[in-house]
Amino acid sequence: MSQHVPVVTIDGPSGTGKGTIAQLVAKHLGWHLLDSGALYRIVAIGIADLNIFHNEVNKICDFAASMKVEFSTEFEGSISLNGKEISHAVRLEETAEKASQVAALGPLREVLLERQRKFCQPPGLVADGRDMGTVVFPSADLKIYLTASPEERAQRRYKQLINKGVGVNLRALLQDIASRDERDANRQVSPLRPAQDAVVIDTTALTIEQVLESVLAQVSLALPETSK
Ligand code: DC
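One gets my numbering by counting positions in the sequence shown from 1 and adding 182 to each.
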């Protein structure tokens with residue numbers, strides 16, 4: 183019998199602190215991390231480089247099936263696509279927008295399914311995304327769903343980008359977030375929604391430390407062996 187590898191999924195829309203929390207939880211537990219949003223972002227970058235259009239679904243799937251992706255294990259570490267360093271491009275707002283468009287393609291989601299499941303390796307996995315608890319790891323040991331008001335999420339993203347020296351407009355950011363939420367939540371395949379058995383945490387009025395504390399408390403309840 184194969185060994186059970188514990189999985190914690192952390193889903194929710196962008197700007198909820200999901201990525202940071204997933205990284206911190208993975209580090210705390212000494213587990214692997216899957217940043218599934220990065221995979222959709224990487225596909226968006228790769229197809230743009232090859233001048234593949236969003237309606238050329240077969241070409242997109244072929245690209246995604248053969249792309250060679252490497253994530254460094256460090257915090258906010260480097261990402262390479264077919265040997266080319268693309269960490270900066272991956273985090274751009276324009277990449278997020280393109281990623282949200284390709285993420286609506288059912289056949290692409292199918293192609294990425296197995297690649298995502300391969301991240302499930304001992305001693306455990308923290309998986310961050312939109313459909314980790316509903317589709318990719320439906321039998322995860324713990325499913326967390328983070329939310330926050332769109333205004334708060336836009337504010338957080340605004341601060342993040344300003345700190346990185348990227349000039350942005352808060353209103354435009356709020357509109358972008360709202361339209362991406364709408365697309366992610368209303369697409370036909372794997373729409374953004376909490377799994378029925380997810381623990382939903384509203385992070386609007388919480389600091390990252392408070393969210394982390396609350397997620398780790400859930401981890402101890404669901405996986406008591408991790409806190410020994
Ligand atoms: O989490 P993120 O901002 O890096 O995600 C980028 C886009 O990819 C987002 O608009 C939704 C999509 N996505 C998805 O559809 N499914 C996932 N598991 C992760 C991300």
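A virtual CB, placed ideally from N, CA and C, is assigned to each residue, including glycine.
Taking Cβ to Cβ, would you say residue i is nearer than 9 Å to residue j?
i      : j      : result
LEU206 : GLY228 : no
LEU328 : VAL393 : yes
PRO305 : VAL187 : yes
LEU343 : GLU275 : yes
In terms of alpha-carbon separation, which member of the options lies closest to residue i?
i      : options                           : result
GLN298 : PRO305, ALA309 and GLY288         : ALA309
GLU292 : ALA271, VAL318 and CYS302         : VAL318
GLY311 : GLN342, ALA278 and SER331         : ALA278
GLN370 : PRO195, LYS280, ASN345 and ALA285 : ALA285
What number of angstroms, rounded off, separates the C-alpha of residue i from the C-alpha of residue j?
i      : j      : result
SER282 : SER409 : 36 Å
ARG339 : LYS300 : 30 Å
LEU398 : ASN233 : 43 Å
GLY201 : ILE390 : 11 Å
ALA354 : LEU290 : 29 Å
ALA387 : LYS241 : 43 Å
CYS302 : VAL350 : 37 Å
At which residues does the alpha helix (DSSP H) containing residue i begin and terminate?
i      : result
PHE245 : 239 to 248
THR277 : 275 to 284
VAL393 : 390 to 404
List the endpoints of the continuous beta strand (DSSP E) containing residue i.
i      : result
LEU216 : 214 to 217
LYS325 : 324 to 329
GLY315 : Run containing GLY315: none; DSSP gives neither H nor E here.
GLU252 : 251 to 253
Which same chain residues end up closer than 8 Å to residue i when comparing Cβ atoms and leaving out the 5 residues on each side of it in sequence?
i      : result
VAL272 : ALA220, ARG223, ILE224, ILE227 and ILE261
ARG375 : THR316 and ALA367
GLN357 : none
ASN345 : none
ILE359 : PRO195, SER196, GLY197, PRO332, ARG335, ALA336 and ARG339
Beta-carbon within less than 6 Å of residue i's beta-carbon, same chain only, minus the 5 sequence neighbours each way: which residues are those?
i      : result
LYS250 : ASN264
ALA377 : GLY315, THR316 and LYS325
Tell me which same chain residues have a C-beta within less than 7 Å of the C-beta of residue i, skipping the five on either side of it?
i      : result
LEU324 : VAL190, GLN400, VAL401, ALA404 and LEU405
ASP379 : LYS325
At a Cβ threshold of 9 Å, is residue i touching chain C?
i      : result
ARG365 : Protein chain content of the structure displayed is limited to a single chain, and chain C is not contained in it.
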